[in-house]
Amino acid sequence: MFDVLIKNALFFDGSGAPGVVRHLGIANGKLACISASALDESGCGQVIDAQNRWVTPGFIDMHTHYDAELVAAPALKESVRHGVTTVMIGSCSISMVLSSPEDCSDLFTRVESVPREHVLPLLQARKTWNSAGEFAAFLDQHALGPNICSFLGHSDLRVAVLGLERAVDAKVRPSESELQQMERLLEDALDAGLLGLSSMTNPWDKLDGDRQRSKSLPSVYAPWAE
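Residue numbers (this note's numbering): 1 to 226.
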C-alpha cells in the first residue's frame, strides 16, 4: 500500500538514458517502487495521473546566492517548485559564515542587487553563529525546503581575519600568523561539512605570480581524499 501513487509518468532516472513510462509508489515520504506495469491503487491516499508529464530526480542548483534569503525564507519555494532539491550557497567568494553581520552585509550587497537596508537588519537580528560548526548546526535546526550545501567564501574568510578595511586594501599582506589563522578556519569549515573554499573570477595568486602568496590556503585541501 502506497501513500502516493504516480502513474503513466515519463520517467527519467538521471543516468542519461531515454525516458520510459513508469508507475511509481511512494510510502513514508520515500520512493518505494518503480514499476513498468500498473500498481495497485487500492488504499492509496493520493493517485496522480502523470500522463504526458515527466518525473525526474531532483535538480542540483550549483550556483546560487541564497545565503541571506534562506535565513529569511528557508523554504526557498521558488526553487523547490521548479524541481530543485539541493542548492549551493557560499558562491563567488561570498558567504555569511565567519564575519560580523555588518561585514557580511557589506560583502553580500556589494555583489548582489539586494539593498543593504534589508540584509543588515536581517543578519543583526538572526545571525547567531560565528563559526562554520555553528553555521552547520543552524542549518540542521532550520526548517529548510531544499537540501543546502555550502562553500566558505574566501572574502568572508579574509575579512574575518583581517577586518574589512585591511581585507580590501590591495597593499595589505597577511602576516604569517594571520595566514595560519585562515588555514585553521578553513580546516574547521571542512571538518564541519562545508564543501570547500570559493573564490571570485580573479586568478589565485598561487597560480598567477611568483610570490605564491595564497599557496597556504589551497594546500589545506591536500590531506583530504578526493
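Backbone N, C-alpha and C define an ideal beta-carbon position, used for all residues, glycine too.
Computed from a predicted structure; not experimentally measured.
Just grab the DSSP bridge partners of residue 147 for me. Walking along the sequence shown from the start, residue 147 turns up at place 147. In DSSP, residue 147 forms a bridge with 86.
Go ahead and pull the three-state DSSP assignment for residue 127. Locating residue 127 in the sequence shown gives position 127, counting from the first residue. Coil, per DSSP.
Check whether the region 143 to 159 touches the region 68 to 79, counting contact only when three or more Cβ pairs, one atom from each stretch, lie closer than 8 Å. yes
Whether residue 3 touches residue 58 by CB criterion (8 Å): Here the question's residue 3 lines up with position 3 in the sequence shown. Here the question's residue 58 lines up with position 58 in the sequence shown. For residue 3 and residue 58, no; Cβs fall outside 8 Å.
Compute the Euclidean distance between the alpha carbons of residue 127 and residue 34, then round it to the nearest angstrom. Your numbering for residue 127 matches position 127 in the sequence shown. Your numbering for residue 34 matches position 34 in the sequence shown. Roughly 43 Å between the two C-alpha positions.
With DSSP collapsed to three states, give me the class of residue 138. The residue given as residue 138 occupies position 138 in the sequence shown. Residue state, collapsed to three classes: helix.
Considering only the beta carbon of each residue, do residue 94 and residue 150 sit closer than 8 Å? The residue you call residue 94 lines up with position 94 of the sequence shown. The residue you call residue 150 lines up with position 150 of the sequence shown. Going by C-beta atoms, residue 94 is not nearer than 8 Å to residue 150.
Can you look up residue 171 in the DSSP assignment and give me helix, strand or coil? The residue you call residue 171 lines up with position 171 of the sequence shown. Looking at residue 171 - three-state DSSP - the assignment turns out to be coil, as it is neither helix nor strand.
When burial is assigned at 16 or more other CB atoms within 10 Å of the CB, is residue 154 buried or exposed? In the sequence shown, counting from the first residue as 1, residue 154 sits at position 154. It is buried - the Cβ of residue 154 has at least 16 other Cβ atoms within 10 Å.
Between residue 10 and residue 30, what straight-line distance do the alpha-carbon atoms span, to the nearest angstrom? Residue mapping note: residue 10 aligns to position 10 of the sequence shown, counting from 1. Residue mapping note: residue 30 aligns to position 30 of the sequence shown, counting from 1. Going by the C-alpha atoms only, they are around 19 Å apart.
Got a sec? Which residues, its chain only, sit under 6 Å from residue 133 by beta carbon, not counting five neighbours each side? Here residue 133 refers to the residue found at position 133 when the sequence shown is read from its first residue. Listed in chain order, the non-local C-beta contacts of residue 133 below 6 Å within the same chain comprise 192, local neighbours out to five positions each way being set aside.
Among the candidates 188, 14, 20 and 48, whose CA atom is the shortest distance from the CA of residue 26? For the purposes of this step, residue 26 is identified with residue 26 of the sequence shown, where counting begins at 1. The option with the nearest alpha carbon to residue 26 is 48.
Please list the terminal residues of the continuous alpha helix (DSSP H) segment that includes residue 81. One-based indexing of the sequence shown puts residue 81 at position 81. Unbroken run through residue 81: none, as it is neither H nor E.
Spatial neighbours of residue 161 within its chain, please: CB distance less than 6 Å, with the 5 preceding and 5 following residues excluded, ordered by chain position. Within the sequence shown, the letter at position 161 stands for residue 161. Only 178, 181 and 182 meet the Cβ criterion.
Collapsed DSSP secondary structure at residue 43 in the structure displayed: Locating residue 43 in the sequence shown gives position 43, counting from the first residue. Reduced to three states, the DSSP call for residue 43 is coil.
In angstroms, rounded to a whole number, what distance separates the CA positions of residue 170 and residue 102? In the sequence shown, counting from the first residue as 1, residue 170 sits at position 170. In the sequence shown, counting from the first residue as 1, residue 102 sits at position 102. If you draw a straight line from the Cα of residue 170 to the Cα of residue 102, it is about 21 Å long.
Take residue 209 and list the residues in its own chain whose beta-carbon comes closer than 6 Å to its own, dropping the five residues that flank it on each side. Walking along the sequence shown from the start, residue 209 turns up at place 209. Unreliable placement is indicated for residue 209, whose pLDDT of 41 sits below 50; the coordinate value is still reported in the next sentence. Taken in chain order, the list of residues that qualify is empty.
In angstroms with no decimal places, state the Cα-to-Cα distance between residue 19 and residue 194. To locate residue 19, count along the sequence shown from 1; it is residue 19. To locate residue 194, count along the sequence shown from 1; it is residue 194. Near 34 Å, if we compare the C-alpha coordinates of residue 194 and residue 19.
Are the beta-carbon atoms belonging to residue 71 and residue 122 less than 8 Å from one another? Counting from 1 along the sequence shown, the entry for residue 71 is found at position 71. Counting from 1 along the sequence shown, the entry for residue 122 is found at position 122. The answer is yes: Cβ separation under 8 Å.
With residue 56 and residue 83 assumed to form a contact (beta carbons below 8 Å), what rounded beta-carbon distance in angstroms separates them? Your numbering for residue 56 matches position 56 in the sequence shown. Your numbering for residue 83 matches position 83 in the sequence shown. Going by Cβ atoms, the distance from residue 56 to residue 83 rounds to 7 Å, so yes, they are a contact pair.
C-alpha distance - residue 130 paired with residue 104, whole-angstrom precision: Within the sequence shown, the letter at position 130 stands for residue 130. Within the sequence shown, the letter at position 104 stands for residue 104. So the two alpha carbons sit approximately 11 Å from each other.
What three-state label does DSSP hand residue 10 in the structure shown? Counting from one through the sequence shown, the residue named residue 10 turns up at place 10. Residue 10: strand per DSSP, three-state reduction.
Keeping to the same chain, check which residues put their C-beta closer than 6 Å to that of residue 199; ignore five residues upstream and five downstream. For the purposes of this step, residue 199 is identified with residue 199 of the sequence shown, where counting begins at 1. Here the set comprises 93 and 154.
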